[in-house]
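Under the numbering used here, think of the first position of the sequence shown as 179, with each following residue one higher.
We put the beta carbon where it would ideally sit given N, CA and C, even for glycine.
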Amino acid sequence: MKISNCDALIFDLDGTLYNKKKIAFFTMMQQWRHLRILSVSNKRRGELKGVDFGDSVLYYQNFYNSIGEELSLSVETVKDWYINTFYRGFIGILEQRYSARKNLKTLLEHIDKEFPMAVFSDYAFVEERLRALEIDDSLFSVISHSEEYGVLKPSARPLLDLSLKMGVSADRTLVVGDRVDTDGEAALKAGMMFYHVDSEDKWDQFSKEMHKYIEMRG
Ligand SMILES: [Mg+2]
């Protein structure tokens, strides 16, 4: 894909800024005492794809309640597992086993001089996860996640808000993500451009084209 007419970028995190290969396996290994709640939580996230609660309070209420009901657990227990076991574990796995894509730092620093960037994930604790990957979070003008908006991908609403915050119109915003059904679909609905990156090769290609585009832009 040729990059053109772009004045802002929105990066997905998982699978885009790092290769997330085997992460489901490492998560299961780590959560082996919590496999039932992990599986119900994953299933619930799947069911909530694109369901807009309008805000995070209602989203979390529904999410924790439905898992609690299915497993006969209190909302407090579910919430405690999600934040203190699941997310803390997620951050730990990134810290121990994963690192940012090749030459990410050079590329981000180059883009940062030209136009604003956001990072937007379906999962929370984005700053903590960027730090675990040793990605400099100060390079992004906006850092956000779906749970904060109360709607998982592929909703257009968060993306439109991010471009507004960066002061760039939707049609001049490029979404970079590893999933066509979430990142790509959301970008399409928001009237934004989409660049698919789900491998080292595609990352290299994206990086080359981005450097070229910035040069051309002058
Ligand atoms: Mg992703």
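Using a Cβ-Cβ cut-off of 7 Å (strictly less than) and excluding sequence neighbours within five positions of residue i, which residues of its own chain qualify?
| i | result |
| --- | --- |
| K343 | V320 |
| L340 | I188, A296, F298, V320, S322 |
I need the DSSP call for residue i, collapsed to helix, strand or coil.
| i | result |
| --- | --- |
| S299 | strand |
| I313 | coil |
| A334 | coil |
| S182 | coil |
| L366 | helix |
| L191 | coil |
| V375 | coil |
| L352 | strand |
Between the Cα of residue i and the Cα atoms of the options, which residue gives the shortest distance?
| i | options | result |
| --- | --- | --- |
| E393 | E225, L366, K291 | K291 |
| S244 | A310, G224, T263, D233 | G224 |
| L249 | R395, I181, N197, S217 | S217 |
| D376 | M370, G267, T360 | T360 |
| A278 | H374, I201, S252, A310 | A310 |
| Q383 | R350, L282, A368, L366 | L282 |
| M206 | Y373, G362, G267 | G267 |
| H389 | K198, T194, E287, M371 | E287 |
| S182 | G362, K280, T351, H374 | T351 |
Skipping 5 residues on each side, what residues in its chain have a beta carbon closer than 6 Å to that of residue i?
| i | result |
| --- | --- |
| Y327 | P336 |
| D300 | S324, L330, K331 |
| E378 | none |
| I271 | F204 |
| L285 | S385 |
| K367 | A334 |
Under 8 Å Cβ to Cβ from residue i, same chain only, skipping five residues before and after it: list those, please.
| i | result |
| --- | --- |
| N240 | L226, F231 |
| V346 | D185, A186, F293, P294 |
Less than 8 Å between the CB atoms is what I'm expecting for residue i and residue j, so what's the real figure, rounded?
| i | j | result |
| --- | --- | --- |
| I269 | E306 | 5 Å |
| D190 | V354 | 7 Å |
| S196 | Y276 | Reading the sequence as shown, one finds Tyr at residue 196 and not Ser. Sure, about 5 Å apart at Cβ, within 8 Å. |
| S333 | A364 | 6 Å |
| I201 | W259 | The pair is not a contact, with the Cβ atoms about 18 Å apart (cut-off 8 Å). |
May I have the straight-line CA-CA distance separating residue i from residue j, to the nearest angstrom?
| i | j | result |
| --- | --- | --- |
| R404 | K380 | Limits of the chain in this structure are 179 at one end and 396 at the other, which puts residue 404 out of reach. |
| L317 | V304 | 13 Å |
| V256 | S219 | 9 Å |
| V229 | L236 | 11 Å |
| I261 | Y238 | 11 Å |
| R395 | L338 | 24 Å |
| K221 | H212 | 14 Å |
| Q209 | Q274 | 15 Å |
| S252 | D233 | 22 Å |
| Y242 | I289 | 39 Å |
| S385 | T263 | 35 Å |
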